[in-house]
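The next block holds one structure in the form of structure tokens; read it before the comments.
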Amino acid sequence: MSEKKYFDEMLNADGSVREPYRILGEWLEGQPKQALKQLSQDAETIFRRLGITFAVYGSNESTERLIPFDVIPRVISAHEWRRLEKGIEQRVKALNMFLWDLYHNQDIIRAGRIPEKLIIQNEAFCPQMMGLNPPKGIYSHIIGVDIVRTGPDDFYVLEDNLRTPSGVSYMLEDREAMMHLVPDLFHKLKVASVETYPENLRRTMQEMAPESCTGHPNLVVLTPGIYNSAYFEHSFLADQMGASLCEGQDLFVENGKVYMRTTLGPQRVDVIYRRIDDDYIDPLTFKPDSMLGVPGLFDAYRAGNVTLINAPGTGIADDKAVYTYVPEIIEFYLGEKPILKNVPTYNCTSDSERAYVLDNLEHLVVKEVHGSGGYGMLVGPTSTKKQRAEFAEKIKARPDNYIVQPTLALSTCPTFTGKGISGRHVDLRPYVLVGDKIRITPGGLTRVALKQGSLVVNSSQGGGTKDTWVLEE
Amino acid sequence: MMLGHSAANLFWMSRYVERAENMARLLEVGYRMSLTERSEDGTSEHLVSMLQAAEAEDTFFAKHETVDVPSVAHFMLFDTDNPSSVKSCLFNSRTNAKSVRTEITTDMWESLNGTWLEFSQIQPRSVLGNKLPSFLQWVKQSSNQFRGALLGTLMRTDGFAFAQAGGFIERADNTARILDVKYYVLLPRSSMVGGDVDIQQWTMILRAASAHRAYRHIYHDRYKAHNIADFLIFRKEMPRSLAFCATSVTAMMGMLEQIYGEPSSCHDEAIKMAQFLTAGNMDKVFDEGLHEYLTNFMSANNQLSNAISDAYNFY
Numbered sequence: 001m002s003e004k005k006y007f008d009e010m011l012n013a014d015g016s017v018r019e020p021y022r023i024l025g026e027w028l029e030g031q032p033k034q035a036l037k038q039l040s041q042d043a044e045t046i047f048r049r050l051g052i053t054f055a056v057y058g059s060n061e062s063t064e065r066l067i068p069f070d071v072i073p074r075v076i077s078a079h080e081w082r083r084l085e086k087g088i089e090q091r092v093k094a095l096n097m098f099l100w101d102l103y104h105n106q107d108i109i110r111a112g113r114i115p116e117k118l119i120i121q122n123e124a125f126c127p128q129m130m131g132l133n134p135p136k137g138i139y140s141h142i143i144g145v146d147i148v149r150t151g152p153d154d155f156y157v158l159e160d161n162l163r164t165p166s167g168v169s170y171m172l173e174d175r176e177a178m179m180h181l182v183p184d185l186f187h188k189l190k191v192a193s194v195e196t197y198p199e200n201l202r203r204t205m206q207e208m209a210p211e212s213c214t215g216h217p218n219l220v221v222l223t224p225g226i227y228n229s230a231y232f233e234h235s236f237l238a239d240q241m242g243a244s245l246c247e248g249q250d251l252f253v254e255n256g257k258v259y260m261r262t263t264l265g266p267q268r269v270d271v272i273y274r275r276i277d278d279d280y281i282d283p284l285t286f287k288p289d290s291m292l293g294v295p296g297l298f299d300a301y302r303a304g305n306v307t308l309i310n311a312p313g314t315g316i317a318d319d320k321a322v323y324t325y326v327p328e329i330i331e332f333y334l335g336e337k338p339i340l341k342n343v344p345t346y347n348c349t350s351d352s353e354r355a356y357v358l359d360n361l362e363h364l365v366v367k368e369v370h371g372s373g374g375y376g377m378l379v380g381p382t383s384t385k386k387q388r389a390e391f392a393e394k395i396k397a398r399p400d401n402y403i404v405q406p407t408l409a410l411s412t413c414p415t416f417t418g419k420g421i422s423g424r425h426v427d428l429r430p431y432v433l434v435g436d437k438i439r440i441t442p443g444g445l446t447r448v449a450l451k452q453g454s455l456v457v458n459s460s461q462g463g464g465t466k467d468t469w470v471l472e473e
Numbered sequence: 001m002m003l004g005h006s007a008a009n010l011f012w013m014s015r016y017v018e019r020a021e022n023m024a025r026l027l028e029v030g031y032r033m034s035l036t037e038r039s040e041d042g043t044s045e046h047l048v049s050m051l052q053a054a055e056a057e058d059t060f061f062a063k064h065e066t067v068d069v070p071s072v073a074h075f076m077l078f079d080t081d082n083p084s085s086v087k088s089c090l091f092n093s094r095t096n097a098k099s100v101r102t103e104i105t106t107d108m109w110e111s112l113n114g115t116w117l118e119f120s121q122i123q124p125r126s127v128l129g130n131k132l133p134s135f136l137q138w139v140k141q142s143s144n145q146f147r148g149a150l151l152g153t154l155m156r157t158d159g160f161a162f163a164q165a166g167g168f169i170e171r172a173d174n175t176a177r178i179l180d181v182k183y184y185v186l187l188p189r190s191s192m193v194g195g196d197v198d199i200q201q202w203t204m205i206l207r208a209a210s211a212h213r214a215y216r217h218i219y220h221d222r223y224k225a226h227n228i229a230d231f232l233i234f235r236k237e238m239p240r241s242l243a244f245c246a247t248s249v250t251a252m253m254g255m256l257e258q259i260y261g262e263p264s265s266c267h268d269e270a271i272k273m274a275q276f277l278t279a280g281n282m283d284k285v286f287d288e289g290l291h292e293y294l295t296n297f298m299s300a301n302n303q304l305s306n307a308i309s310d311a312y313n314f315y
């Protein structure tokens, strides 16, 4: 394959600065040589002091690492953002309708628009949710849509993340850090605020309180505990919302109602933002050996005495195999053309597509259907011959376990590397809240692959983050 | 109202910070006393006494044969097999704090987290020699900094009362232990009671409580065993005394009662303990035997801690 040209978020092909980056570009130009280095060090001090760390799976339990932070922000124009916002809203609306349908009439299957087998035999489908009516018909309230860009107008959705997307605390803390580090830039540019997120999350949770709850709903964040890689985020969000941060042992169910154990005895709980996977939330309904969950929680939910955010079973709508059908889903429920594109995906169970995949692995990306966090994937162009051979065997053995996509030419954004400024590949995860209305925080988390040439942005694989500035008009 | 689990974490967060500080104070006494010792095999009897007072001799002797400053200091500061070492305490208090990040302030968290990060980077070898006193000073200062953050930034709600109660209960226990070192330190001959060596040892105990100057202002007298024990047990002006701690725990129980609008059994126990200390005096203590008195106190103090845990659903 010939040398690929990547879209540069900051520079036009002729080297001139794109309009949204004009002021940032001038500012960068005016910085003395050591300034960015100093800013990076200051940023690290801020983050470490605040304890914004994540635990890394597979390494020592007590290891806490900082997610690397890049001090050069990513900028999105008001015009670009408007389009993204519309596209995201459309997707999120359709996917919640899809979930309602799957757990009720299954019209979309009856209409032959999506294969029954793909849903019913899918591990992410939750039969216990059949016929259950979550408040206001909403299943996924907190969503982080992964978007990549390959050209001025080419945005693709990589994943919808309808279960328990993480990273929103980094969006907020990155902004906080930037306000400390470069207040002068905020004077020059009108950057849309992200600080409303915790308040909007609280409102969303309140709006989703069970009908039976008449007073002020009691909100809690349910965390697996301090050793979870995202614990900082759980406590951060609870703190920002003024909700209680609970572990499974802090809650119990009696007569179909959920209570927390307090210094004054049991107190009723109305809405739970749970950061525990479906399988672990209730040992009586799901995995019996789960120590993280609350026995009887699902029954309390089924009885309408408590709201779970997000609902169990939302994973079926962001399953990698179902992903291929999202354009179809949007058309079926909304009668609209998708605003944001899906990445073309090869289906390995089809003989002809599999044959193409096996012949072209060095240009393709292979993902495990149920994998996440950048684990268990093959990035063709940067892989070794041996890795490709291994994946070829895996695909042949279980074609339904993998999806394959072309390697996307992820846009690059100027990034401080220690030696100087250089382009690094980025993606974008905007955060969406679905309550009585859909609230999308302008911007989101920009993840950046810090290794030169790398296309994997996950923090568990050496990725970092950047603040994301949506400009106001 | 808060989660019983959170209340427990706040209570123990403060206890561990206080314990870390007092381990440094205890070690300071042992270290200073050992400087005056001349033993042939390098073993320090004073350090043995200090280990006994810390109830740590079994754990220590399971790993070490000789009792000298570097081995004891390492054990008291850095050894994670010792559940009360400064490192264990700092680790535990930070873990407690992490579990209740939503109930404490950023200032408190930064103080604990900063101390832990700094502590983790210290090479034990670099502080076990002549730098030991200044390192112990640093440990004490870190604890002071945390307390300052707590007093200066934490809302006066139930969480504050739990955190404070834990700190005072731990401090009372530790002051009792520091005093008890003197019981284990044997004078070469009984005729030396009241002699220079005896008084010198008492003085070191006073210093460990940061109280050697305040003593003069209260007693207008030379250092005397009777007065020093009185100071650390009964004087309510002395913020490390048993009486002060008991009174403070009682105040926190009163605060909880007011916030919650309902009485609890542990409040009565706290009052009883405070009254017991108010009513006592040194003559009675020396009649009963200082060591016995302190042992009884530590046991009652521990019971009070359990009563608070039960009353407020700690788990």
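Chains as they are written, first to last, in full-length UniProt numbering: chain A, 1 to 473; chain B, 1 to 315.
In this text, a Cβ means the ideal position worked out from N, Cα and C, and glycines have one as well.
In this text, all values refer to a predicted model and were calculated from it rather than measured experimentally.
Under 9 Å from the C-beta of residue i: neighbouring residues of chain A
i, result
"B/D79", "Residues of chain A passing the Cβ test: none, with the nearest at roughly 17 Å."
C-beta contact flag for residue i and residue j at 8 Å
i, j, result
"A/Y402", "A/V366", "yes"
"B/L128", "B/Y31", "no"
"A/W27", "A/V470", "no"
"A/E159", "A/G435", "no"
"B/M282", "B/A165", "no"
"A/T407", "A/L364", "yes"
"B/M238", "B/A214", "yes"
"A/Y156", "A/N342", "yes"
"A/I46", "A/A177", "yes"
"B/F91", "B/W116", "yes"
"A/V253", "A/P295", "yes"
Residues that residue i contacts on chain B, provided the C-beta gap is smaller than 7 Å
i, result
"A/A238", "T102"
"A/S244", "L3"
"A/D250", "L3 and H5"
"A/R274", "Going along chain B, no residue has its Cβ under 7 Å from A/R274, so there is no contact; the nearest lies around 16 Å."
"A/L264", "M1 and Y260"
"A/I226", "T95, K98 and S99"
"A/M260", "L3"
Residue i (DSSP reduced to helix, strand or coil)
i, result
"A/G58", "A caution first: A/G58 carries a pLDDT of 39, below 50, which makes its placement in the model too unreliable to give a value."
"A/K257", "strand"
"A/Q121", "coil"
"B/R235", "coil"
"A/A405", "Per the sequence shown, residue 405 of chain A should be read as Gln rather than Ala. Strand at A/Q405."
"A/M205", "helix"
"B/Q121", "coil"
"B/A62", "coil"
"A/G453", "coil"
"A/D270", "coil"
"residue 363 of chain B", "Any question about residue 363 of chain B goes unanswered here, given that chain B covers just 1 to 315."
"A/H367", "Reading the sequence as shown, one finds Lys at residue 367 of chain A and not His. Strand, per DSSP."
"A/V306", "coil"
"A/T468", "strand"
7 Å CB neighbourhood of residue i in its chain, flanking five on each side removed
i, result
"A/F416", "L36, S40, D70, V71 and I72"
"A/G293", "G248, I276, Y280, I281, D282 and P283"
Close beta carbons around residue i, own chain, < 6 Å, minus the five adjacent residues each side
i, result
"B/H64", "S71"
"B/E269", "L304 and A307"
"A/E328", "R113"
"B/H267", "M253 and E257"
"residue 316 of chain B", "Because chain B in this structure spans residues 1 to 315, residue 316 of chain B falls outside the shown range and cannot be described."
Closer than 7 Å at the beta carbon, the chain A residues around residue i
i, result
"B/D310", "Those within 7 Å of B/D310 in chain A number zero; the least Cβ separation is about 11 Å."
"B/D158", "T263"
"B/L35", "Those within 7 Å of B/L35 in chain A number zero; the least Cβ separation is about 36 Å."
Whole-number beta carbon distance between residue j and residue i, since they are thought to touch under 8 Å
i, j, result
"A/T412", "A/Y6", "5 Å"
"B/V86", "B/S6", "About 25 Å; that fails the 8 Å criterion."
Under 8 Å by beta carbon: chain B residues contacting residue i
i, result
"A/S235", "K98, R101 and T102"
"A/Q267", "M1"
heavy atom of the ligand ATP below 7 Å from residue i C-beta
i, result
"B/H74", "For the ligand ATP, the structure offers nothing, since it holds no ligand at all."
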